[in-house]
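Residue numbers are given in our numbering: position 156 of the sequence shown equals residue 437, and the series is strictly consecutive. Positions of the beta carbon are idealized from the N, C-alpha and C atoms, including for glycine. In this text, all values refer to a predicted model and were calculated from it rather than measured experimentally. Data block below; observations after.
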Amino acid sequence: MIFIKTEEEVELIRQSNLLVSRTHAMLAGEIKEGVSTLFLDKLAEEFIRDNGGTPGFLHYNGFPNTLCVSVNDVVVHGIPSGYLLRNGDIVSVDCGAVLNGYNGDSCYTFEVGEVKPKIKALLQCTKECLYKGIEKAIVGNTTGDIGNAIQTHAESHGYSVVRELVGHGIGKQLHEEPEVPNYGRSGKGVKLRELMTIAIEPMINLGRKDIFQERDHWTIKTTDGKPSAHFEHTVAVRKDKAEILSDFSIIEEVLKKK
Ligand code: MG
Ligand code: MG
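Next comes the structure, spelled out in structure tokens:
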């Protein structure tokens with residue numbers, strides 16, 4: 282069942298996503314060589330609670346933490362740990378928060394110190410893929426239009442698209458219908474209607490698309506060991522232009538000053 286939101290609900294989902302983005306902006310100032318991913322998780326949990334929210338991922342299907350922190354060849358669902366970030370790492374920080382009963386969900390991939398140009402280019406392209414997908418999130422298009430735009434952009438740069446994990450509807454539940462794959466055929470899939478709220482989240486690999494799950498039942502890695510990037514916005518479907526409810530600009534302001 283696909284829930285079409287009211288304008289009031291969209292506003293509440295925006296507030297939840299702004300809390301997520303503010304959490305990312307806070308973390309942007311803390312991500313550096315030598316910091317453990319578990320420390321980032323603790324900071325995020327404290328920040329979300331201090332601002333009246335609850336972590337959206339903590340205990341979700343048994344997930345043990347507030348953040349999914351996925352370093353280098355970890356695609357998604359990395360469990361925060363004592364791992365100390367190293368110069369040249371990329372670290373995707375996926376964060377969810379619940380405020381007033383509605384979920385926010387957004388992901389940003391950060392650079393630690395000096396990252397190789399080849400990997401910087403992967404991050405740049407993955408972010409572009411996200412916005413290419415968002416451009417298609419308008420009334421009358423389909424989830425296939427979003428996936429096709431993402432896949433076409435990624436593959437034109439020689440990257441590959443993870444198939445097994447997808448974007449999703451979002452609202453009172455973290456994961457609602459419809460699924461929003463990052464690949465597919467234009468015109469296929471679910472028709473988009475005004476006031477649907479969806480999370481679009483390309484996971485793009487430098488090498489091959491194949492992935493596997495670690496024995497912890499969470500951590501997803503690339504099979505070839507090459508890096509993977511992940512960016513995610515929650516958006517509301519509108520007539521001419523999707524409305525982005527999370528906000529990277531406050532994250533990037535902090536990164537610019539670093
Ligand atoms: Mg997410
Ligand atoms: Mg998501």
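Review point. Run through DSSP, which three-state label would Q432 get?
Key: Residue state, collapsed to three classes: helix.
Check your understanding: In the structure shown, what three-state DSSP assignment does H456 receive?
Key -> Three-state result, H456: coil.
Check your understanding: So, do the stretch 476–496 and the stretch 406–426 have three or more beta carbon pairs nearer to each other than 8 Å?
Key -> At 8 Å Cβ cutoff, the stretches touch.
Exercise for review: Identify whether Q426 lies in helix, strand or coil by the three-state DSSP scheme.
Suggested key: For the record, residue 426 in the displayed sequence is Asp; it is not Gln. Here D426 sits in helix by DSSP.
**Study point:** Secondary structure of R303, DSSP reduced to three states
**Key:** Note: R303 maps to helix in three-state DSSP.
Practice item. For N437, name the three-state secondary structure that DSSP assigns. Key: First, the amino acid is wrong: residue 437 is Ser here, not Asn. S437 falls in the helix class under three-state DSSP.
Check your understanding: Which whole-angstrom value describes the C-beta separation of I532 and S302, a residue pair presumed to lie in contact below a C-beta threshold of 8 Å?
Key -> Indeed, because the Cβ distance is near 6 Å, the residues count as touching under 8 Å.
Practice item. With a cut-off of 5 Å, give the chain-ordered residues whose Cβ is closer than this to any heavy atom of ligand 1. Key: Qualifying residues come out as D375, D386, C388 and E513.
Check your understanding: Under the rule that 16 or more other beta-carbon atoms within 10 Å means buried, what is I285, buried or exposed?
Key -> It counts as exposed.
**Study point:** Residues near N429 by beta carbon distance below 7 Å, same chain, minus five either side
**Key:** Shown here for N429: same chain residues with a beta carbon closer than 7 Å to its own, the five before and five after excluded, namely G465, R466 and S467 in chain order.
Practice item. List the residues that DSSP assigns as beta-bridge partners of C349. Key: Paired residues: D375.
Check your understanding: Using the beta-carbon count (16 or more within 10 Å), is R295 buried or exposed?
Key -> Counting other Cβ atoms within 10 Å of its Cβ, R295 reaches 16 or more and is therefore classed as buried.
Point to revise | Cβ distance (whole Å) where N486 is taken to contact S441 below 8 Å | key: The beta-carbon distance between N486 and S441, rounded to whole angstroms, is 5 Å. This is short enough to meet the 8 Å contact definition.
Check your understanding: Cβ atoms of A402 and I329: under 9 Å apart, would you say?
Key -> The criterion of a C-beta distance shorter than 9 Å is not satisfied by I329 and A402.
Practice item. Could you say which of D426, E327, V518 and T390 lies nearest to M484 if we only look at CA atoms? Key: Comparing Cα positions, the closest option is T390.
**Study point:** Cβ pair C410, D375 closer than 9 Å
**Key:** At the C-beta level, C410 and D375 stay beyond 9 Å of one another.
Practice item. Mind reading off the beta-carbon distance from N463 to I492? Whole number of angstroms is fine, and I expect it under 8 Å. Key: Not confirmed; about 13 Å, so no contact.
Review point. Whose CA, out of N353, P345 and D386, lies closest to the CA of A517?
Key: Sorting N353, P345 and D386 by C-alpha distance to the C-alpha of A517 places D386 at the top.
Exercise for review: Find out if the Cβ-Cβ distance for the pair K490, R444 is shorter than 9 Å.
Suggested key: Closer than 9 Å, so yes.
Review point. Helix, strand or coil: how does DSSP classify A309 here?
Key: In the displayed model, A309 falls within a helix according to three-state DSSP.
Practice item. Would you mind reading off the limits of the beta strand (DSSP E) that contains V535? Key: That residue, V535, is in no beta strand (DSSP E); its alpha helix (DSSP H) goes S530 to K538.
Practice item. Below 7 Å CB to CB, which residues in the same chain sit around A523 once its five sequence neighbours on both sides are set aside? Key: Around A523: I415, A418, I419, V516 and A517.
Practice item. Please confirm whether any heavy atom of ligand 2 lies closer than 8 Å to the CB of H449. Key: True, at least one ligand heavy atom lies under 8 Å from that Cβ.
Review point. In the structure shown, what three-state DSSP assignment does S362 receive?
Key: Under the three-state reduction of DSSP output, S362 falls in the coil class, being neither helix nor strand.
Check your understanding: Considering only the beta carbon of each residue, do N346 and E327 sit closer than 9 Å?
Key -> Not a contact, by the Cβ cut-off of 9 Å.
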